[in-house]
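Visitor: The structure follows.
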Amino acid sequence: HFSLLFLYPILVKQASFEEIEMAVVAAKPHILVACALLLLTVRCQASPFWPLEIGYYHDKCPQAEAVVKGVMEKAISQNPGNGAAMIRMLFHDCFVEGCDASVLLDPTPFSPTPEKLSPPNDPTLRGFELIDAIKDALEVACPGVVSCADIVAFAARDASCILSRGKVNFQMPSGRRDGTFSNASEPLKFLAPPTSNLSDLVASFVIKGLNTEDLVVLSGAHTIGRSHCSSFVSDHLNTPSDINGGLAAFLRGQCPADATPGGKDPTVMQDVVTSNKLDRQYYKNVLSRTVLFTSDAALMTSAETARMVVENAKIPGWWEDKFEKAMVKMAGIEVKTGYQGQIRKKCRAINH
Ligand code: HEM
C-alpha cells in the first residue's frame, strides 16, 4: 500500500509530466500493472449511467445512432404515430424484465405466449415493423453489434426530439444487452391499467425505482399518439367521471359504447389540442379534465401531484427538461450486461 503512494502526484496533486515520470520510474512494474487496472476500474465506473454509457457504440459502430435517427426521421415524416409508438415501446419494454427488448420477441413452440401477446400489449402496442427496419439497417452497417434494447432506447429518444421540434433533446446512454426470456404474465404484473388510481400508479413506478415525480413527468407522453376506445370507454366515459363535457360528447361520437379490444374498437387522438406535438399541452388538458384515462385524471387527486401538473402546465421549458431526465432514468431500469444477455441478430427471436 505504501508503494501506491506514487499515485499521489497523479491523482491528487496536479503533477507536471516530469513529476509523474519520476513517480512512475520509482514504482515497481507489477505495482504499475495493478495501478493501471485500478485506474481502469475507476474509469469504467465513472459513467453516471453505469453500467450504461453515452457513446457506447463510438468505436464499435460509429454510425449506429445516426442510422437509427435516419430511419426515425423518415418514419415520423410518413406517420407521426411511429414516434408515439417508439416512446410507448420503451415504457412497455423497460417496466417488464428491464430494458432488454423482451417485448419484441415473437411466440415460438418453446415460448408460445411472450409479452407481446399480453393484454397491455396486444393488440394496442405498435411499431414492431419499424424496429425491424432499424435493425436491418444496423445489421448492414455493423453486423451483430447493436442490441435491440439499445435500438428501442435510441428510437424513443429520437422520436422525442423530432416530435418536440428539438425541445426535448438529450443523449441516451447505451450498452444494454437483449434478454432471452419473455412471458405474457409479466406485463399484467408491472404495467398498471388505465383504470388505475393514483396510489396504484405510484406503486407501479416505485417498484421500478421511479418516483411520483417521474410518474407525473412521464405521463406527459400522453400528449401524442392514439388510444383505442376500449381503453377508456367503460370506466371514464360510460360511468360518472369528471371528464370535460365537450370531450365526452366528442368521444361518444367516435367510440361505440361497447368498444372491446380486438372487436369494434376505433382509435382517437390522445391530445385533441396539439395531437402530434410532444409538448406540455397534456398538463393543460389534465387541468381542464380533457384527458382520456382515469389514470390521467388521477394526477389531480393528490395535492403533491396536482402541484406538479400545474408547474408543468404553466412554466415553459420546465417539463421538457424533466422529461429528458426521466426518459434516461426509465431507460436504465434493470438493464442487462455481459452474460445476462446477448446481441440478437433479429429483434423478434433469440439467437440459437
Ligand atoms: C402511468 C401509467 C400509464 C398508463 C396507465 C398508460 C396507459 C396507456 C393506454 C391505455 C394507452 C392507449 C393504448 C391504446 O388503447 O391504443 C396509452 C398510449 C400511450 N402511452 Fe401510456 N400509459 C402510462 C404511462 C406511459 C408512459 C410512462 C409513457 C412513455 C413515457 C407512455 C406513452 C404512451 C404513448 C406515446 C401512447 C400512444 C401510443 C400510440 O399512439 O401507439 N405511457 N397509454
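Just so we're aligned, residue 703 is where the sequence shown starts under my numbering, counting upward by one.
Think of the CB as a built atom: it goes at the ideal place given N, C-alpha and C, for glycine as much as any other residue.
None of these values were measured; they are calculated from a predicted model.
If you follow the beta strand (DSSP E) that Arg928 is in, where does it begin and where does it stop?
Guide: 928 to 930
Visitor: Determine the burial state of Asn899: buried for a count of at least 16 other Cβ atoms within 10 Å of its Cβ, exposed for fewer.
Guide: exposed
Visitor: Kindly indicate which three-state DSSP category Pro711 falls into: helix, strand or coil?
Guide: The pLDDT assigned to Pro711 is 49, lower than 50, so where the model puts this residue is not dependable; a value taken from the coordinates is nonetheless given after this. DSSP places Pro711 in helix when its eight states are reduced to three.
Visitor: Quick check on Tyr1041: buried or exposed, where buried means 16 or more other Cβ atoms within 10 Å of its Cβ?
Guide: exposed
Visitor: Taking a contact to mean a Cβ-Cβ separation below 9 Å, would you say Val970 touches Gln956 in this structure?
Guide: yes
Visitor: Considering only the beta carbon of each residue, do Pro791 and Ile833 sit closer than 9 Å?
Guide: In the sequence under discussion, the amino acid at residue 791 is Met, which differs from the Pro named in the question. Taking 9 Å as the Cβ cut-off, Met791 and Ile833 qualify as a contacting pair.
Visitor: Check whether the Cβ atoms of Ala961 and Pro968 lie closer than 9 Å to each other.
Guide: yes
Visitor: Using a threshold of 9 Å, state whether the C-beta atoms of Val1037 and Ala851 are closer than that.
Guide: yes
Visitor: If you draw a straight line from the alpha carbon of Ala905 to that of Pro896, how long is it in whole angstroms?
Guide: 14 Å
Visitor: Does the beta-carbon of His930, which I'm using as the reference point, lie nearer than 8 Å to any heavy atom of the ligand HEM?
Guide: Between the ligand HEM and the CB of His930, the shortest heavy atom gap is smaller than 8 Å.
Visitor: Apply the 10 Å Cβ neighbour rule to Trp752 and answer buried if 16 or more other Cβ atoms are within range, or exposed otherwise.
Guide: exposed
Visitor: So His794 and Leu939 are in contact, right, with Cβ under 8 Å, and what is the actual spacing, rounded?
Guide: Not confirmed; about 24 Å, so no contact.
Visitor: Output yes or no for whether 9 Å exceeds the beta carbon distance between Ser921 and Ser990.
Guide: Not a contact, by the Cβ cut-off of 9 Å.
Visitor: Just list the residues that DSSP pairs Ser876 with in beta bridges.
Guide: Glu755
Visitor: Which term fits Glu652, buried or exposed, when burial requires 16 or more other beta carbons within 10 angstroms of its beta carbon?
Guide: Outside the shown range of the chain (703 to 1054) lies residue 652, about which nothing can therefore be said.
Visitor: Could you tell me which whole alpha helix (DSSP H) segments of length 4 or greater appear in the segment 795 to 879?
Guide: 830 to 843, 850 to 865
Visitor: Label Asn913 either buried or exposed according to how many other C-beta atoms from any shown protein chain fall within 10 Å of its C-beta, with 16 as the threshold for buried.
Guide: So Asn913 counts as exposed.
Visitor: For Ser779, count the other beta carbons within 10 Å of its own beta carbon; 16 or more makes it buried, fewer makes it exposed. Which is it?
Guide: exposed
Visitor: Using a Cβ-based criterion (distance less than 8 Å to any ligand heavy atom), does Gln1044 qualify as near the ligand HEM?
Guide: Checking the Cβ of Gln1044 against the ligand HEM gives no.
Visitor: Suppose you measure from the CA of Cys931 to the CA of Lys986; what does that come to, to the nearest Å?
Guide: 22 Å
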